[in-house]
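Residue numbers (full-length UniProt numbering): 1 to 324.
Beta carbons are placed, not taken as given, at the ideal position from N, Cα and C, and that holds for glycine.
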Amino acid sequence: MVTWAMVGTGLMADLILKDFALVENTELKALVSRDPDRADAKLKELGVEASSMTFEQALEDSGIDLIYIASPHSEHHWMAKAALEAGKHILVEKAFMENAGQAEEIYALAKSKGLFSMEAMWTKFLPLHQRLEEMVKSGRIGKLRLIEANFGFRRTFDQSHRLFDAALGGGSSLDQGVYTTSLNRWFADSGIRSIAAHGYNYPNGTDALAMTQFEFANGVVGRGNSSLATSLGLAARLVGDAGIIEIHEAFWAATKATIKTYAENHDVPEIEELEVPKLGAGYAHMIQAVSESVISGEIENQQHTHQFSLEVMRALDEIRSQLT
(Lines of atoms letter the chains of each structure in order from A; the text may use other names.)
(Lines give C-alpha, C1' and ligand atoms only; values in the text may rest on other atoms or scores of the structure.)
Protein backbone atom coordinates (compact mmCIF):
# COMPACT_ATOMS: atom_id res chain seq x y z
CA MET A 1 0.00 0.00 0.00
CA VAL A 2 1.29 3.44 -0.97
CA THR A 3 -0.05 6.38 1.03
CA TRP A 4 -0.38 9.71 -0.76
CA ALA A 5 -0.80 13.35 0.15
CA MET A 6 -1.93 15.74 -2.57
CA VAL A 7 -0.91 19.40 -2.50
CA GLY A 8 -3.45 21.86 -3.88
CA THR A 9 -7.17 22.51 -3.60
CA GLY A 10 -7.81 24.03 -7.02
CA LEU A 11 -8.96 22.60 -10.34
CA MET A 12 -6.57 19.65 -10.22
CA ALA A 13 -8.08 18.51 -6.93
CA ASP A 14 -11.54 18.64 -8.50
CA LEU A 15 -10.34 16.48 -11.37
CA ILE A 16 -8.20 13.96 -9.55
CA LEU A 17 -9.31 13.30 -5.97
CA LYS A 18 -12.15 10.89 -6.76
CA ASP A 19 -9.87 8.73 -8.91
CA PHE A 20 -7.85 7.58 -5.90
CA ALA A 21 -10.74 5.33 -4.83
CA LEU A 22 -10.47 3.45 -8.15
CA VAL A 23 -6.85 2.42 -7.63
CA GLU A 24 -5.49 -0.66 -5.86
CA ASN A 25 -2.69 -0.49 -3.29
CA THR A 26 -3.16 3.27 -3.00
CA GLU A 27 -4.59 5.40 -0.21
CA LEU A 28 -5.12 9.15 -0.30
CA LYS A 29 -4.28 10.06 3.26
CA ALA A 30 -4.32 13.86 3.09
CA LEU A 31 -5.18 16.93 1.05
CA VAL A 32 -2.57 19.60 1.69
CA SER A 33 -3.29 23.32 1.83
CA ARG A 34 -2.01 26.42 3.59
CA ASP A 35 -5.57 26.64 4.89
CA PRO A 36 -6.67 23.23 6.27
CA ASP A 37 -10.25 24.49 6.51
CA ARG A 38 -10.24 25.01 2.75
CA ALA A 39 -8.95 21.48 2.26
CA ASP A 40 -11.66 20.13 4.55
CA ALA A 41 -14.30 21.98 2.54
CA LYS A 42 -12.95 20.55 -0.73
CA LEU A 43 -12.92 17.01 0.62
CA LYS A 44 -16.48 17.39 1.87
CA GLU A 45 -17.61 18.92 -1.43
CA LEU A 46 -16.22 15.96 -3.39
CA GLY A 47 -17.20 13.31 -0.86
CA VAL A 48 -13.61 12.11 -0.46
CA GLU A 49 -12.40 10.60 2.81
CA ALA A 50 -8.99 11.99 3.77
CA SER A 51 -7.43 14.31 6.32
CA SER A 52 -6.41 17.90 5.78
CA MET A 53 -2.98 19.20 6.72
CA THR A 54 -0.35 21.78 5.92
CA PHE A 55 2.64 21.00 3.72
CA GLU A 56 4.92 21.02 6.76
CA GLN A 57 2.70 18.48 8.51
CA ALA A 58 2.77 16.24 5.44
CA LEU A 59 6.57 16.35 5.39
CA GLU A 60 6.70 15.31 9.04
CA ASP A 61 4.06 12.57 8.78
CA SER A 62 5.83 9.20 8.67
CA GLY A 63 2.60 7.63 7.43
CA ILE A 64 2.82 9.42 4.08
CA ASP A 65 4.93 7.76 1.40
CA LEU A 66 4.42 10.07 -1.58
CA ILE A 67 3.53 13.72 -2.09
CA TYR A 68 1.70 14.74 -5.25
CA ILE A 69 2.47 18.40 -5.93
CA ALA A 70 -0.35 20.10 -7.85
CA SER A 71 0.37 23.70 -6.91
CA PRO A 72 1.31 26.58 -9.28
CA HIS A 73 4.50 26.06 -11.32
CA SER A 74 6.43 28.54 -9.19
CA GLU A 75 6.07 26.26 -6.16
CA HIS A 76 7.08 23.00 -7.81
CA HIS A 77 10.83 23.31 -7.29
CA TRP A 78 10.98 24.19 -3.62
CA MET A 79 8.16 21.83 -2.69
CA ALA A 80 9.70 18.92 -4.59
CA LYS A 81 13.09 19.58 -3.00
CA ALA A 82 11.60 19.79 0.48
CA ALA A 83 9.62 16.58 -0.03
CA LEU A 84 12.67 14.67 -1.22
CA GLU A 85 14.77 15.98 1.65
CA ALA A 86 12.04 14.66 3.96
CA GLY A 87 12.30 11.22 2.37
CA LYS A 88 9.09 11.36 0.36
CA HIS A 89 8.57 10.07 -3.16
CA ILE A 90 7.14 12.74 -5.47
CA LEU A 91 4.77 13.15 -8.38
CA VAL A 92 4.74 16.71 -9.73
CA GLU A 93 2.15 18.28 -12.02
CA LYS A 94 3.22 19.24 -15.49
CA ALA A 95 5.07 21.15 -16.46
CA PHE A 96 7.40 19.44 -13.98
CA MET A 97 9.38 22.60 -13.20
CA GLU A 98 9.69 26.15 -14.50
CA ASN A 99 12.79 25.26 -16.51
CA ALA A 100 15.08 22.39 -17.40
CA GLY A 101 17.75 23.40 -14.89
CA GLN A 102 15.33 22.96 -12.01
CA ALA A 103 14.15 19.64 -13.43
CA GLU A 104 17.70 18.31 -13.70
CA GLU A 105 18.37 19.26 -10.08
CA ILE A 106 15.25 17.57 -8.74
CA TYR A 107 15.67 14.36 -10.72
CA ALA A 108 19.31 14.15 -9.61
CA LEU A 109 18.34 14.71 -5.98
CA ALA A 110 15.64 12.03 -6.14
CA LYS A 111 18.08 9.59 -7.71
CA SER A 112 20.72 10.29 -5.06
CA LYS A 113 18.21 9.49 -2.34
CA GLY A 114 16.75 6.43 -4.05
CA LEU A 115 13.31 8.02 -4.21
CA PHE A 116 10.71 7.88 -6.97
CA SER A 117 10.06 11.05 -8.95
CA MET A 118 7.92 11.72 -12.01
CA GLU A 119 6.15 14.44 -13.93
CA ALA A 120 2.38 13.87 -13.91
CA MET A 121 1.96 13.47 -17.68
CA TRP A 122 -1.18 11.39 -17.25
CA THR A 123 -1.96 11.28 -20.99
CA LYS A 124 0.82 8.73 -21.52
CA PHE A 125 -0.99 6.27 -19.24
CA LEU A 126 -4.44 6.50 -20.85
CA PRO A 127 -5.64 3.28 -22.53
CA LEU A 128 -6.55 4.98 -25.83
CA HIS A 129 -3.19 6.65 -26.23
CA GLN A 130 -1.30 3.47 -25.40
CA ARG A 131 -3.38 1.65 -28.03
CA LEU A 132 -2.54 4.37 -30.55
CA GLU A 133 1.15 4.09 -29.71
CA GLU A 134 0.96 0.38 -30.54
CA MET A 135 -0.82 1.16 -33.83
CA VAL A 136 1.82 3.64 -34.92
CA LYS A 137 4.69 1.32 -34.01
CA SER A 138 3.04 -1.60 -35.83
CA GLY A 139 2.80 0.44 -39.05
CA ARG A 140 -0.98 0.70 -39.11
CA ILE A 141 -0.75 4.11 -40.82
CA GLY A 142 2.51 3.37 -42.59
CA LYS A 143 5.63 5.35 -41.82
CA LEU A 144 4.86 8.26 -39.51
CA ARG A 145 5.55 11.58 -41.21
CA LEU A 146 3.73 14.34 -39.34
CA ILE A 147 2.33 15.03 -35.88
CA GLU A 148 -0.02 17.92 -35.13
CA ALA A 149 -1.43 18.95 -31.75
CA ASN A 150 -3.41 22.04 -30.78
CA PHE A 151 -4.30 23.26 -27.30
CA GLY A 152 -5.65 26.78 -27.37
CA PHE A 153 -8.53 28.63 -25.81
CA ARG A 154 -9.45 32.27 -25.45
CA ARG A 155 -9.16 33.76 -21.97
CA THR A 156 -9.35 37.36 -20.82
CA PHE A 157 -5.89 38.48 -19.73
CA ASP A 158 -5.76 38.81 -15.94
CA GLN A 159 -2.27 39.27 -14.59
CA SER A 160 -3.36 38.13 -11.13
CA HIS A 161 -4.50 34.72 -12.42
CA ARG A 162 -1.95 31.89 -12.29
CA LEU A 163 -2.28 31.30 -16.06
CA PHE A 164 -0.96 34.79 -16.79
CA ASP A 165 1.13 35.64 -13.72
CA ALA A 166 4.85 35.46 -14.54
CA ALA A 167 5.70 35.05 -10.86
CA LEU A 168 3.57 31.88 -10.75
CA GLY A 169 5.08 30.38 -13.90
CA GLY A 170 2.20 31.41 -16.15
CA GLY A 171 2.00 31.32 -19.93
CA SER A 172 0.66 29.00 -22.58
CA SER A 173 3.83 26.92 -22.96
CA LEU A 174 4.07 25.61 -19.40
CA ASP A 175 0.32 25.11 -19.07
CA GLN A 176 -0.70 23.87 -22.54
CA GLY A 177 2.44 23.53 -24.61
CA VAL A 178 3.70 20.83 -22.29
CA TYR A 179 0.90 18.64 -23.65
CA THR A 180 1.48 19.41 -27.32
CA THR A 181 5.25 19.06 -26.99
CA SER A 182 4.99 15.80 -25.04
CA LEU A 183 2.61 14.28 -27.58
CA ASN A 184 4.96 15.23 -30.42
CA ARG A 185 8.04 13.81 -28.70
CA TRP A 186 6.21 10.66 -27.58
CA PHE A 187 4.83 9.59 -30.93
CA ALA A 188 7.87 10.72 -32.92
CA ASP A 189 9.88 8.38 -30.70
CA SER A 190 13.05 10.25 -31.61
CA GLY A 191 15.16 13.11 -30.30
CA ILE A 192 14.34 16.69 -31.26
CA ARG A 193 16.77 17.99 -33.87
CA SER A 194 15.44 21.54 -34.25
CA ILE A 195 12.72 23.85 -32.99
CA ALA A 196 11.21 26.91 -34.68
CA ALA A 197 8.68 28.85 -32.61
CA HIS A 198 6.57 31.87 -33.51
CA GLY A 199 4.03 33.79 -31.47
CA TYR A 200 3.91 36.61 -28.99
CA ASN A 201 4.02 37.45 -25.30
CA TYR A 202 1.75 39.46 -23.06
CA PRO A 203 3.16 42.77 -21.74
CA ASN A 204 4.27 41.03 -18.53
CA GLY A 205 6.41 38.55 -20.48
CA THR A 206 4.27 35.42 -20.28
CA ASP A 207 3.64 33.77 -23.63
CA ALA A 208 0.17 34.24 -25.09
CA LEU A 209 0.62 32.20 -28.27
CA ALA A 210 3.30 29.73 -29.31
CA MET A 211 3.17 28.03 -32.71
CA THR A 212 6.02 25.54 -32.91
CA GLN A 213 7.49 23.24 -35.52
CA PHE A 214 9.72 20.37 -34.46
CA GLU A 215 12.10 18.40 -36.63
CA PHE A 216 13.00 15.04 -35.16
CA ALA A 217 16.16 13.05 -35.75
CA ASN A 218 14.24 10.32 -37.57
CA GLY A 219 12.75 12.78 -40.07
CA VAL A 220 9.31 13.14 -38.51
CA VAL A 221 7.95 16.70 -38.50
CA GLY A 222 5.86 17.88 -35.58
CA ARG A 223 3.66 20.87 -34.94
CA GLY A 224 2.50 21.95 -31.52
CA ASN A 225 0.44 25.08 -30.96
CA SER A 226 -0.62 26.52 -27.62
CA SER A 227 -2.55 29.67 -26.79
CA LEU A 228 -4.30 31.51 -24.00
CA ALA A 229 -5.40 34.26 -26.39
CA THR A 230 -7.25 32.45 -29.16
CA SER A 231 -9.10 29.21 -29.73
CA LEU A 232 -7.01 26.75 -31.74
CA GLY A 233 -9.09 23.64 -31.22
CA LEU A 234 -8.08 20.78 -28.95
CA ALA A 235 -7.46 17.90 -31.35
CA ALA A 236 -4.36 16.07 -32.57
CA ARG A 237 -3.40 14.15 -35.71
CA LEU A 238 -0.82 11.48 -36.44
CA VAL A 239 -0.15 11.36 -40.17
CA GLY A 240 1.58 8.44 -41.85
CA ASP A 241 2.19 7.71 -45.51
CA ALA A 242 -0.64 5.15 -45.44
CA GLY A 243 -3.11 6.68 -43.03
CA ILE A 244 -4.14 9.26 -40.46
CA ILE A 245 -5.11 8.95 -36.81
CA GLU A 246 -7.31 11.77 -35.55
CA ILE A 247 -7.40 12.00 -31.76
CA HIS A 248 -10.67 13.64 -30.77
CA GLU A 249 -10.96 16.70 -28.54
CA ALA A 250 -9.59 17.10 -25.99
CA PHE A 251 -6.66 15.07 -27.29
CA TRP A 252 -4.83 14.80 -23.95
CA ALA A 253 -7.87 13.26 -22.22
CA ALA A 254 -9.56 11.52 -25.15
CA THR A 255 -11.25 8.15 -25.27
CA LYS A 256 -12.03 8.31 -29.00
CA ALA A 257 -10.02 8.41 -32.21
CA THR A 258 -10.71 8.02 -35.91
CA ILE A 259 -8.32 5.89 -37.93
CA LYS A 260 -8.23 6.45 -41.69
CA THR A 261 -6.14 4.10 -43.81
CA TYR A 262 -5.47 4.52 -47.51
CA ALA A 263 -4.65 1.82 -50.04
CA GLU A 264 -1.96 2.88 -52.50
CA ASN A 265 -3.35 5.08 -55.29
CA HIS A 266 -6.73 5.34 -53.54
CA ASP A 267 -8.04 8.62 -52.14
CA VAL A 268 -11.04 7.21 -50.27
CA PRO A 269 -9.99 5.80 -46.89
CA GLU A 270 -11.19 2.88 -44.86
CA ILE A 271 -12.42 4.39 -41.61
CA GLU A 272 -12.43 2.89 -38.13
CA GLU A 273 -13.93 4.66 -35.14
CA LEU A 274 -12.05 3.61 -32.04
CA GLU A 275 -13.24 4.10 -28.47
CA VAL A 276 -11.25 2.95 -25.45
CA PRO A 277 -12.80 3.84 -22.06
CA LYS A 278 -10.81 5.21 -19.15
CA LEU A 279 -11.25 4.81 -15.41
CA GLY A 280 -12.91 7.76 -13.72
CA ALA A 281 -11.54 11.07 -14.94
CA GLY A 282 -8.54 9.21 -16.37
CA TYR A 283 -5.95 9.98 -13.71
CA ALA A 284 -6.41 6.59 -12.06
CA HIS A 285 -4.20 4.93 -14.68
CA MET A 286 -1.25 7.18 -13.84
CA ILE A 287 -1.85 6.91 -10.09
CA GLN A 288 -1.88 3.11 -10.37
CA ALA A 289 1.36 3.08 -12.36
CA VAL A 290 3.10 5.37 -9.87
CA SER A 291 2.04 3.28 -6.88
CA GLU A 292 3.24 0.13 -8.64
CA SER A 293 6.61 1.75 -9.32
CA VAL A 294 6.99 2.77 -5.68
CA ILE A 295 6.04 -0.70 -4.46
CA SER A 296 8.58 -2.20 -6.88
CA GLY A 297 11.33 0.10 -5.63
CA GLU A 298 11.70 1.95 -8.94
CA ILE A 299 12.95 5.54 -8.99
CA GLU A 300 11.27 6.29 -12.32
CA ASN A 301 8.49 4.84 -14.44
CA GLN A 302 9.50 3.57 -17.87
CA GLN A 303 6.34 4.92 -19.50
CA HIS A 304 7.40 8.47 -18.61
CA THR A 305 11.10 8.61 -17.83
CA HIS A 306 13.24 11.39 -16.42
CA GLN A 307 15.05 11.70 -19.75
CA PHE A 308 11.80 12.16 -21.67
CA SER A 309 10.62 14.80 -19.21
CA LEU A 310 13.94 16.64 -19.43
CA GLU A 311 13.79 16.68 -23.23
CA VAL A 312 10.35 18.26 -23.07
CA MET A 313 11.45 20.83 -20.48
CA ARG A 314 14.44 21.80 -22.64
CA ALA A 315 12.13 22.16 -25.62
CA LEU A 316 9.78 24.42 -23.64
CA ASP A 317 12.75 26.54 -22.57
CA GLU A 318 13.78 26.90 -26.22
CA ILE A 319 10.26 27.75 -27.37
CA ARG A 320 9.93 30.52 -24.81
CA SER A 321 13.39 31.88 -25.59
CA GLN A 322 12.41 32.26 -29.25
CA LEU A 323 9.32 34.29 -28.33
CA THR A 324 11.20 36.96 -26.36
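In this structure, DSSP gives I247 an extended state, which the three-state scheme calls strand.
Here L234 is actually not in contact with K256; their C-beta atoms are around 13 Å apart, not less than 8 Å.
Selection A30, I67 and D61 evaluated against E49 yields A30 as nearest (Cα-Cα). Residue state for V290 is assigned as helix, using DSSP reduced to three classes. In this structure, the beta-carbon distance from A229 to L209 falls below 7 Å. Apart from the 5 residues on each side of it in sequence, L109 sits with its Cβ closer than 6 Å to the Cβ of L84 in its chain, given in chain order. Secondary structure of K42 (DSSP, three-state): helix.
Bounds of the alpha helix (DSSP H) holding T180 are V178 to A188. Separation of T258 and W252 (C-alpha to C-alpha, rounded to the nearest whole angstrom) is 15 Å. I141 is a Cβ neighbour of A242, given a cutoff of 7 Å. Ranked by how close their Cα comes to the Cα of L146, the residues E27, A41, Q159 and R185 have R185 in first place. Counting along the chain, Y68 sits inside no alpha helix (DSSP H); it lies in the beta strand (DSSP E) bounded by residues L66 to I69. With respect to the C-alpha of E249, the residue from E148, S138, E104 and A95 having the closest C-alpha is E148.
By the Cβ test, the segment 121-128 is in contact with the segment 274-286, since at least three Cβ pairs between them sit closer than 8 Å. Between L17 and V290 the beta-carbon gap is near 15 Å, outside 8 Å, which marks them as no contact. Runs of the beta strand (DSSP E) spanning 3 or more residues and lying entirely within the segment 184-230 occur at 192-201, 207-216 and 221-227, in chain order.
Beta bridge pairing from DSSP links A236 with A149 and I247. The alpha-carbon of G224 is positioned some 42 Å away from that of S62.
Counting along the chain, the unbroken beta strand (DSSP E) around E273 starts and ends at E270 to E275.
Under the rule that a run must span 4 or more residues, the alpha helix (DSSP H) segments found entirely inside the segment 111-138 read 127-138.
Of the residues S138, G177, S33 and L168, the one whose Cα lies closest to the Cα of F151 is G177.
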